[in-house]
Amino acid sequence: MRKWRERKPLAMDVDHMRLLHQEAIEQLELLHTALDAMEQATGTMRDNLMEMVENHWHAYLDVMHMITMHDDAMANAMNKYGMKMRDADDLEDADCQFDLSAVLLTFLLLALIRRHRRMYYLWGLRGSPMSDYWKESMAMERDHMANLIAMMQRAL
């Protein structure tokens with residue numbers, strides 16, 4: 624007779640998580656650059672830059688989907704703010720319109736970049752004597768990041 628055992632969750636690969644957060648930072652910084660340039664452009668150039676902004680946002684959401692596949696706590700934080708990562712595919716057909724000012728979008732982007740940098744740093748602390756601090760900080764950062772992503776998603 625086969626003996627059933629509970630499945631243990633797989634340990635997260637710290638280097639992979641750091642890599643994913645680094646890629647999220649890259650996509651957000653590219654989005655930020657395109658958004659800044661778009662504010663100064665007109666006509667066809669503005670339309671092309673807007674398309675770049677949309678592309679980088681969708682690429683960022685793809686990275687976040689990969690993060691949530693490995694980090695259940697991040698997935699739960701995203702769900703708390705109504706962000707279902709599968710929804711990103713549904714948004715590709717929708718026209719991107721800004722409901723917020725470009726300045727506010729820039730501030731939200733910078734805050735989101737800062738959160739990912741913080742997560743990158745915190746993943747480096749794993750296994751250190753600061754594990755209690757690490758757990759509390761990660762929970763707070765996940766929640767704040769999910770909230771910022773939801774704000775950006777509603778704005779774009």
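All the letters of the sequence shown, read from the start, carry residue numbers 624 to 779 under this note's numbering. The beta carbon of each residue, even a glycine, is placed where N, CA and C say it ideally should be. Computed from a predicted model, the values in this text were never measured in an experiment.
Same chain, Cβ closer than 7 Å to residue i, five either side skipped, listed in chain order
i	result
A725	L658 and E662
M706	A769, I772, A773 and Q776
A734	L771
Q645	Y743
C-beta contact flag for residue i and residue j at 7 Å
i	j	result
W680	L779	yes
L653	I736	no
L643	M701	no
T691	A698	yes
Contacting residues, own chain, Cβ-Cβ under 8 Å from residue i (five flanking each side not counted)
i	result
K784	Past the edges of the chain, shown from 624 to 779, lies residue 784, and the structure says nothing about it.
H639	H693
E764	R738, R741, M742 and L745
M635	H693 and D694
T729	H655, L658 and D659
Nearest-angstrom beta carbon gap, residue j and residue i [assumed within contact, 8 Å]
i	j	result
V676	A647	Actually they are not in contact, since the Cβ atoms of V676 and A647 sit about 16 Å apart, beyond 8 Å.
H655	L732	5 Å
M762	A696	Position check: residue 762 holds Ala in this sequence, whereas Met was assumed. Yes, they are in contact, since the Cβ atoms of A762 and A696 sit about 7 Å apart, within 8 Å.
Same chain only: Cβ atoms within 6 Å of residue i, ignoring 5 sequence neighbours per side
i	result
R671	For the record, residue 671 in the displayed sequence is Asn; it is not Arg. Nothing meets the Cβ criterion.
S760	L745
R641	Y743 and W746
What alpha helix (DSSP H) runs, 4 residues minimum, are completely inside the stretch 666-746?
666-693, 695-703 and 710-713
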